[in-house]
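Peer 1: If you're matching them up, the sequences are chains U and Y in order. Under my numbering, residues 6 to 60 are what the first sequence spells out, in order. Under my numbering, residues 9 to 234 are what the second sequence spells out, in order. Quick reminder that beta carbons are idealized off the backbone N, C-alpha and C, glycines included. My questions all concern the structure below.
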Amino acid sequence: MIKAIAKTRASTDVYAIALTAMIGLGLIFAAGFSHAAGAHDVAHDTRHAIAFPCH
Amino acid sequence: MLRHLLTSALIAGLGAGLAATVLQIAFVVPLILEGELYESGTLLHFSATGSPQSPVTHPDIWAEPARHFGTFAMNLVTWSGFAFILVAAFGLAERTGAKITAQSGAIWGLSGFVAVQLAPAMGLPPELPGAIGADIVTRQLWWMATVAASIGGLGLFAFGRGAGAVGAGAVLLLAPHVIGAPELDTYFGVAPAELSAHYAARSLAVGAAAWAILGTVAGAVWSRPA
């Protein structure tokens, strides 16, 4: 029983970790790699400072 | 677990984003603005008269304050993104028995700097505005592959067992640079070399500081008693 609960918890953790990593990738893509002109202008100095390949 | 991950990531992302913005505006943005004088042709280096001398200028960084709001907003988004990935890695590492603290967080953060900024800079150094590079999509792909390979290499150094893991880690770290970043066969620089070099060094140094802050804050929040 305890083992089963521990196992369920462990797999929930894996989903939580995966979800967190996906959110992170989404944020980085939006800030650093989106080719939309508006995103580019606002992000210009940040992208240069972090050296994302920019234009 | 999810709440723990999200709280740590948001606090660390906010702290690092704020610190990165202050450091960038103080040390990096002034050089970007000076570079833009050459990008726009307001200043010409080594042209017209052929003179190798250009005046050092210090553009007013507060001429367009709105621009810094954009930088602040995008730093928050970017550093939160890094923070989410970092705490996801904390979660995975803890499952293998690693202990996360503020101190180990600092090392995690600096490793993030190595993988995300220092390693890609080997092939694609930080560029002033106006620099001309190879095809953007090819450069973005090389950048992403280099970051992924460097994270894998450092991960094998830190968590792998035996000489095989260290060897594989070294191969992963070196491979992107042996393959080489996409490059042009011509130099196009319009800005003075000193300005470009200073800019590259400063953006890496500011990046290292922000990553150290990111890792330390994330580790401290992660390990605080519930």
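If you run the structure through DSSP and keep just helix, strand and coil, what is Leu135 (chain Y)?
Peer 2: Stepping through the second sequence from its first residue, residue 135 (chain Y) is reached at position 127. Note that residue 135 (chain Y) is Glu in the sequence shown here, rather than Leu. Coil.
Peer 1: On the three-state DSSP scale, how would you describe Met152 (chain Y)?
Peer 2: For the purposes of this step, residue 152 (chain Y) is taken as the residue at position 144 of the second sequence. When DSSP states are grouped into helix, strand and coil, Met152 (chain Y) belongs to the helix group.
Peer 1: What does the Cβ neighbour count give for Val64 (chain Y), buried or exposed, with the cut at 16 atoms within 10 Å?
Peer 2: Residue mapping note: residue 64 (chain Y) aligns to position 56 of the second sequence, counting from 1. Exposed: under 16 other Cβ atoms inside 10 Å.
Peer 1: Do Gly21 (chain Y) and Trp87 (chain Y) have their beta-carbon atoms positioned less than 8 Å apart in this structure?
Peer 2: Counting from one through the second sequence, the residue named residue 87 (chain Y) turns up at place 79. Counting from one through the second sequence, the residue named residue 21 (chain Y) turns up at place 13. In contact: Trp87 (chain Y) and Gly21 (chain Y) (Cβ atoms closer than 8 Å).
Peer 1: What is the residue span of the alpha helix (DSSP H) that His206 (chain Y) lies within?
Peer 2: What you label residue 206 (chain Y) is simply residue 198 of the second sequence in a count that begins at 1. Element bounds for His206 (chain Y): Ala201 to Ser231.
Peer 1: Quick check: Ala114 (chain Y) and Ala220 (chain Y), are their CB atoms within less than 8 Å of each other?
Peer 2: Counting from 1 along the second sequence, the entry for residue 114 (chain Y) is found at position 106. Counting from 1 along the second sequence, the entry for residue 220 (chain Y) is found at position 212. Yes, these two residues count as a Cβ contact at 8 Å.
Peer 1: Expressed to the nearest angstrom, what Euclidean distance is found between the alpha-carbon atoms of Leu10 (chain Y) and Arg52 (chain U)?
Peer 2: Counted from its first residue, the second sequence places residue 10 (chain Y) at position 2. Counted from its first residue, the first sequence places residue 52 (chain U) at position 47. Looking at the two C-alpha atoms, the distance is approximately 29 Å.
Peer 1: Whose C-alpha, out of Y:Thr154, Y:Ala101, Y:Ala127 and Y:Gly215, is nearest the C-alpha of Gly227 (chain Y)?
Peer 2: Residue numbering aside, residue 227 (chain Y) sits at position 219 when the second sequence is read from its first letter. The residue with the shortest Cα to Cα distance from Gly227 (chain Y) is Y:Ala101.
Peer 1: Is it right to say Glu42 (chain Y) is buried, meaning 16 or more other beta carbons lie within 10 angstroms of its own, or is it exposed?
Peer 2: Reading the second sequence from its first residue, position 34 is the one you call residue 42 (chain Y). Burial call: buried.
Peer 1: Can you tell which of Y:Ile69, Y:Gln61, Y:Ile19 and Y:Ser62 has its C-alpha closest to the C-alpha of Ala34 (chain Y)?
Peer 2: Counting from 1 along the second sequence, the entry for residue 34 (chain Y) is found at position 26. Closest option to Ala34 (chain Y), Cα to Cα, is Y:Ile69.
Peer 1: Is the beta carbon of Leu13 (chain Y) sitting closer than 8 Å to the one on Ile22 (chain U)?
Peer 2: Along the second sequence, read from residue 1 onward, the residue named residue 13 (chain Y) stands at position 5. Along the first sequence, read from residue 1 onward, the residue named residue 22 (chain U) stands at position 17. Yes.
Peer 1: Could you name the residues of the segment 37-48 of chain Y whose beta carbon sits closer than 7 Å to any beta carbon of chain U, in the order they occur along the chain?
Peer 2: So the list reads Val37 and Ile40, given in the order they occur along the chain.
Peer 1: Does the separation of the CB atoms of Ala24 (chain Y) and Ala81 (chain Y) fall below 8 Å?
Peer 2: Position 16 of the second sequence, counted from the first residue, corresponds to residue 24 (chain Y). Position 73 of the second sequence, counted from the first residue, corresponds to residue 81 (chain Y). No. Outside cutoff.
Peer 1: Quick one: any contact between the segment 146-161 of chain Y and the segment 104-114 of chain Y, if contact means 3 or more CB pairs under 8 Å?
Peer 2: no
Peer 1: Closest Cβ-Cβ distance between His53 (chain U) and chain A: below 8 Å?
Peer 2: Within the model displayed, chain A is absent; protein chains U and Y are what it includes.
Peer 1: Where in the segment 13-85 of chain Y do unbroken runs of the alpha helix (DSSP H), each at least 4 residues long, occur, reported from the N-terminal end onward?
Peer 2: 37-47
Peer 1: Any idea if Val47 (chain U) is buried or exposed, counting beta-carbon neighbours within 10 angstroms, 16 or more meaning buried?
Peer 2: Numbered from 1 along the first sequence, position 42 holds the residue referred to as residue 47 (chain U). Buried, since its Cβ has 16 or more Cβ neighbours within 10 Å.
Peer 1: Would you call Arg232 (chain Y) buried or exposed, if buried means 16 or more other Cβ atoms sit within 10 Å of its Cβ?
Peer 2: The residue you call residue 232 (chain Y) lines up with position 224 of the second sequence. With fewer than 16 Cβ atoms within 10 Å of its Cβ, Arg232 (chain Y) is classed as exposed.
Peer 1: So, with DSSP's three-state summary, where would you put Met9 (chain Y)?
Peer 2: Position 1 of the second sequence, counted from the start, is the residue given in the question as residue 9 (chain Y). Secondary structure of Met9 (chain Y) (DSSP, three-state): coil.
Peer 1: Suppose the cutoff is 8 Å on Cβ atoms and the five residues either side in sequence are ignored; what does the same chain contact list for Leu94 (chain Y) look like?
Peer 2: For this step, residue 94 (chain Y) is matched to residue 86 along the second sequence. Here the set comprises Ala17, Ala20, Trp116, Gly117, Gly120, Leu222, Gly223 and Ala226.
Peer 1: Indicate whether at least one CB of chain U lies closer than 8 Å to the CB of Phe167 (chain Y).
Peer 2: As a working mapping, residue 167 (chain Y) is identified with position 159 in the second sequence. No, no contact with chain U.
Peer 1: Here's a check: name, in chain order, each residue in its chain whose Cβ is nearer than 6 Å to the Cβ of Ala98 (chain Y), leaving out the five neighbours to either side.
Peer 2: Here residue 98 (chain Y) is taken as the residue at index 90 of the second sequence, counted from 1. Looking at the sequence shown, residue 98 (chain Y) is not Ala but Phe. So the qualifying residues of the chain are Ile108 and Trp230.
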